[in-house]
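Numbering (the UniProt record's numbering), first residue to last: 1 to 659.
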């Protein structure tokens, strides 16, 4: 076939008039501009595609229509489904039992509040991780240690988290699969198993924070009559009960989470109104990125804020929750629309979570900053029913954690403030425990492909967290001995962070997973640099915490050297794969090792909004390099840009990468 014939075929395929039935289903693609990149693509594709006219086009049209009919059947189903490689429907996990309908509105409207309301839900469930007991404790310690000086760190962490969550949303919407499902296909068996273990460790650490926080709330509200281990058991039972609500529809569960978020907003907002912090100092701390006269303690607290806010399991969770909406993936406009409304909804949800976190920081910045144990002790003597010895009568700096924070509020502002604080912590712990359970289910189902009954999956995921949490509660011998537990669990979260950040950037950069919705090269590099900065900060905190806890003797270094080498090697492997997915580096020698080799040709992710010929063009474009002048060719031959800066995928789709 000549270049002219191939160009004529492309023009017919992408024209606005669908023409006769042999051209397949109509799709809105822009005409392809004549560029050097596009000519190279034609040469690369025409040499392999061997596309001919006549009966073959009719057969291809029949295949396209058949596949589109299957996709429409999937869209009409109440349960989430994927389209398999053979065109059949594959049932997905049933953790999301029923899908929420998206209403039809006038296409001429640029924005619809009805549609925004239909998409509202997953972002607020995701935002729970920004409000869990670990975050609340980090907030109150930030206020007590640095007053308002670290508010800009809290704001920056929420902004970074927002853009990372955006990647998770796009992955779930475009691919129709969540992170764990994509990881199962994308990574070889050994790296995949390591990634699963690391993710499970992160979920268990997060779950322990949440369950212990809820148990502390029960202890506080009952004036110590409900011990920690009993609070852990109550939390476990509550979680099972509340998760049954989604059997009546996922919307019902979202209403429950909205009520819990509202409870947190009212509780911590009440404390904010009672304490009356300085508004001007708050604004300065929020928008001036500086920490005057700050030392090592303030720096480590700022690092702790970042580690508490950006949590690994939340990316896995959010990419799965967006599948709860019935999106017609056969229509490109529906996918673009879903990405937009989820973007808006996630922004609103994280803004609300930031305001609630701001309330907590401001309350303790105004009330506890600079105070000694003796100062709080005197206030406690004026209130019956509050144990004054929680803050001993000495001149040491007053410590702050979830329990002592509640006692301080009761001593300083009355018993009502203490009980309201306890209610807020209980809401934070209960809601985050439920989302943690969901994350555990999605991760286990995606990585292991285990087809267990739902009750067994919930029991397994809860059991993995409850057993160590019960052990901690029994060994603590009192809520006063849990002060350092939050730092330890935050350290665990920080160490596991690369195993979520790097894969999400890898997946959303890969054109065989995201097709024309893959991130632009600018966004890829920016996301990777920001992630590396966050990972470096977190590893600094983790190293500092471990060495302070274990010491710096020679035997400590000997003990740590093997796990550190393993950890660094695996992180470098993930980074290498990420750069390869971006098209920055070529195939490594590891691809000759069977248990490390990746086979992108085995990816079964489909783009039902494209017909077979367009998907074939994309595959050919990625498999063969176009010319030696292209930059960033990976093992698939995918080059991000040509010499004149035109994106290769743009030549296939008629549009540039999505920013």
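Yeah, the Cβ is synthetic: ideal placement off N, Cα and C, and Gly gets one too. These numbers were taken from a predicted model, which means no experiment stands behind them.
Checklist entry - Buried or exposed: where does residue 427 fall if 16 or more other Cβ atoms within 10 Å of its Cβ makes it buried? => result buried
Item to check | Burial state of residue 107, where buried means 16 or more other Cβ atoms lie within 10 Å | outcome: exposed
Next on the checklist: Which residue wins for smallest C-alpha separation from residue 502, given the options 145, 164, 243 and 130?
Outcome noted: 164
Checklist entry - From residue 334 to residue 492, what distance separates their C-alpha atoms? => result 39 Å
Next on the checklist: Quick check: the Cα distance between residue 582 and residue 116, rounded to an integer number of angstroms?
Outcome noted: 32 Å
Item to check | Three-state secondary structure (DSSP) of residue 433 | outcome: helix
Next on the checklist: If contacts are defined as beta-carbon pairs under 8 Å, then residue 195 and residue 187 qualify, I think. What distance do you get, rounded to the angstrom?
Outcome noted: 6 Å
Item to check | residue 155 versus residue 611: straight-line alpha-carbon distance, rounded | outcome: 43 Å
Next on the checklist: According to DSSP, is residue 331 part of a helix, a strand, or is it coil?
Outcome noted: coil
Next on the checklist: Rounded to the nearest angstrom, what separates residue 103 and residue 118 at their Cα positions?
Outcome noted: 7 Å
Item to check | For residue 397, three-class secondary structure by DSSP | outcome: strand
Checklist entry - Does the distance from the CB of residue 172 to the CB of residue 404 come in under 8 Å? => result no
Checklist entry - Relative to the alpha-carbon of residue 273, which residue among 442, 192 and 413 has its alpha-carbon at the smallest distance? => result 413
Checklist entry - Which partner residues of residue 325 appear in the DSSP bridge assignment? => result 100
Item to check | Burial state of residue 411, where buried means 16 or more other Cβ atoms lie within 10 Å | outcome: buried
Checklist entry - Between which two residues does the alpha helix (DSSP H) harbouring residue 375 extend? => result 373-381
Checklist entry - By Cβ distance, which residues of its chain are closer than 7 Å to residue 192, with the 5 residues on each side in sequence left out? => result 183, 184 and 447
Checklist entry - What residues in its chain sit with their C-beta under 8 Å from that of residue 349, if we drop five residues either side in the sequence? => result 123, 124, 126 and 127
Checklist entry - Looking at the unbroken alpha helix (DSSP H) that takes in residue 177, where does it start and where does it end? => result Premise fails: residue 177 is in no alpha helix (DSSP H) and is neither H nor E.
Checklist entry - What is the C-beta distance between residue 319 and residue 168, in whole angstroms, given that I count them as a contact (C-beta under 8 Å)? => result 4 Å
Next on the checklist: With distance defined between alpha-carbon atoms, name the residue in 113, 134, 120 and 121 nearest to residue 490.
Outcome noted: 134
Item to check | Same chain only: Cβ atoms within 7 Å of residue 366, ignoring 5 sequence neighbours per side | outcome: 275, 277 and 278
Checklist entry - What number of angstroms, rounded off, separates the C-alpha of residue 479 from the C-alpha of residue 225? => result 12 Å
Checklist entry - Excluding sequence positions up to five away, which residues of its chain have a Cβ less than 7 Å from the Cβ of residue 544? => result 300
Item to check | Own chain, CB closer than 7 Å to residue 728, minus 5 neighbours either side, in chain order | outcome: Outside the displayed range of the chain (1 to 659) lies residue 728, so it cannot be described from this structure.
Checklist entry - Do you know offhand how far residue 362's Cα is from residue 455's? => result 42 Å
Item to check | DSSP three-state assignment for residue 519, whether helix, strand or coil | outcome: strand
Item to check | Stretch pair the region 449-464 + the region 220-235: three plus CB contacts closer than 8 Å | outcome: no
Next on the checklist: Measuring only the C-alpha atoms, how far is residue 15 from residue 520?
Outcome noted: Note on residue 15: pLDDT 42, under 50, position unreliable in the model; the coordinate value appears next. Using only the alpha carbons, I get a separation of about 25 Å.
Next on the checklist: Could you give the first and the last residue of the continuous alpha helix (DSSP H) run that contains residue 262?
Outcome noted: 250-275
Checklist entry - Do you know offhand how far residue 609's Cα is from residue 515's? => result 11 Å
Checklist entry - In whole angstroms, what separates the C-alpha of residue 42 from that of residue 461? => result Per-residue confidence for residue 42 stands at a pLDDT of 38, beneath the threshold of 50, marking its modelled position as unreliable; the derived number appears in the next sentence. Residue 42 and residue 461: Cα-Cα distance of roughly 50 Å.
Checklist entry - Going by alpha carbons, who is nearest to residue 537 out of 526, 474, 509 and 494? => result 494
Next on the checklist: To test your reading of the DSSP string, which unbroken alpha helix (DSSP H) runs of 4 or more residues are found completely within the region 413-463?
Outcome noted: 415-448
Checklist entry - Beta carbon of residue 160, beta carbon of residue 530: below 8 Å? => result yes
Item to check | Sub-8 Å separation of residue 305 and residue 476 beta-carbons | outcome: no
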